[in-house]
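Encoded as structure tokens, the structure appears first; notes follow it.
In full-length UniProt numbering, the protein residues as written are 1 to 261.
This is the structure in structure tokens:
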């Protein structure tokens with residue numbers, strides 16, 4: 001079996017366990033993948049799989065039976081994110097380095113022994129998530145790149161919504177199965193920011209789509225296990241004009257107070 005075949009077989013098994021929500025089994029396979037890539041000195045892939053290992057540990061906490069196992073999974077997640085942070089730092093990938101460090105602080109917050117300690121960890125995570133979001137200014141508009149799970153963080157969305165000048169386009173790469181709860185959460189998140197949203201998932205999980213804020217929008221979606229191209233013609237003048245109207249309506253709604261008497 002070639003190196004590429006061994007790699008693909010291992011990762012396919014890992015994806016199967018993730019799709020079945022067998023997170024403890026996924027953890028074991030990600031550990032194998034990390035060791036495999038470190039032995040081959042493939043640091044970028046080792047970093048990516050350490051990041052995935054941290055996520056698998058953080059999901060595994062919902063499947064264990066004892067407090068001791070819960071704490072152990074959290075500690076393992078923190079350690080995996082820490083290792084991923086160091087590897088991405090070596091590789092010079094500042095954005096993903098900050099994202100992994102943010103995940104490390106966020107996850108460690110679950111081990112805090114006080115509310116103050118937990119809040120401090122979460123505030124640091126939010127700060128790093130915000131810094132990890134890549135913001136670009138181009139002739140095609142003002143663009144932000146943010147990983148799908150980070151986009152669900154309320155504080156980060158508030159910062160993106162209030163960013164000046166306003167964001168026009170959100171590029172939302174994803175690497176995760178799309179469940180009904182995930183879709184609902186992302187739909188609410190997109191509605192909170194008046195911008196075009198390009199949600200690009202890997203083909204295995206699918207549900208890639210383009211979300212546009214106008215009321216007469218056309219649904220553009222690529223289902224799971226299918227490769228295709230979808231596109232949206234961007235009219236920045238119209239988008240920014242309609243955004244101003246939308247913001248005025250939002251302001252009116254915030255000023256309205258319903259009497260309960």
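The beta carbon of each residue, even a glycine, is placed where N, CA and C say it ideally should be. In this text, all values refer to a predicted model and were calculated from it rather than measured experimentally.
Exposed or buried, which one is residue 16 when buried takes at least 16 other CB atoms within 10 Å?
For the purposes of this step, residue 16 is identified with residue 16 of the chain shown, where counting begins at 1. With fewer than 16 other CB atoms across the displayed protein chains lying within 10 angstroms of its CB, residue 16 is exposed.
For the alpha helix (DSSP H) that residue 112 lies in, which residues bound it at each end?
Numbered from its first residue, the chain shown carries residue 112 at position 112. From DSSP, residue 112 is part of no alpha helix (DSSP H); its letter is neither H nor E.
Same chain, Cβ closer than 6 Å to residue 213, five either side skipped, listed in chain order
Position 213 of the chain shown, counted from the start, is the residue given in the question as residue 213. Contacts found: 194.
Rounded C-alpha distance that separates residue 245 from residue 252
Walking along the chain shown from the start, residue 245 turns up at place 245. Walking along the chain shown from the start, residue 252 turns up at place 252. The straight-line gap separating the alpha-carbon atoms of residue 245 and residue 252 is approximately 11 Å.
Taking Cβ to Cβ, would you say residue 61 is nearer than 9 Å to residue 70?
Residue mapping note: residue 61 aligns to position 61 of the chain shown, counting from 1. Residue mapping note: residue 70 aligns to position 70 of the chain shown, counting from 1. By the CB criterion at 9 Å, residue 61 and residue 70 fall inside the cutoff.
Between the region 42-55 and the region 98-110, are three or more C-beta pairs nearer than 8 Å?
Three or more Cβ pairs closer than 8 Å define a contact, and the region 42-55 meets that threshold against the region 98-110.
Closest residue to residue 48 among 157, 93, 199 and 66 (Cα-Cα distance)
Counting from 1 along the chain shown, the entry for residue 48 is found at position 48. Ranking the options by Cα distance to residue 48, first place goes to 93.
With distance defined between alpha-carbon atoms, name the residue in 112, 159, 148 and 243 nearest to residue 127.
As a first step, residue 127 is located in the chain shown; it is residue number 127 there, counting from the start. Of 112, 159, 148 and 243, the residue nearest in Cα terms is 159.
Measuring CB atoms only, is the region 197-211 touching the region 164-177, in the sense that at least three cross pairs come out at less than 8 Å?
Output reads yes: the region 164-177 touches the region 197-211.
Can you give, in chain order, each stretch of the beta strand (DSSP E) that sits fully within the region 138-186 and has at least 3 residues?
Counting only runs that start and end inside the region 138-186, the beta strand (DSSP E) elements of at least 3 residues fall at 141-145 and 169-174.
Using the beta-carbon count (16 or more within 10 Å), is residue 153 buried or exposed?
Taking the first residue of the chain shown as 1, we reach residue 153 at position 153. Buried.
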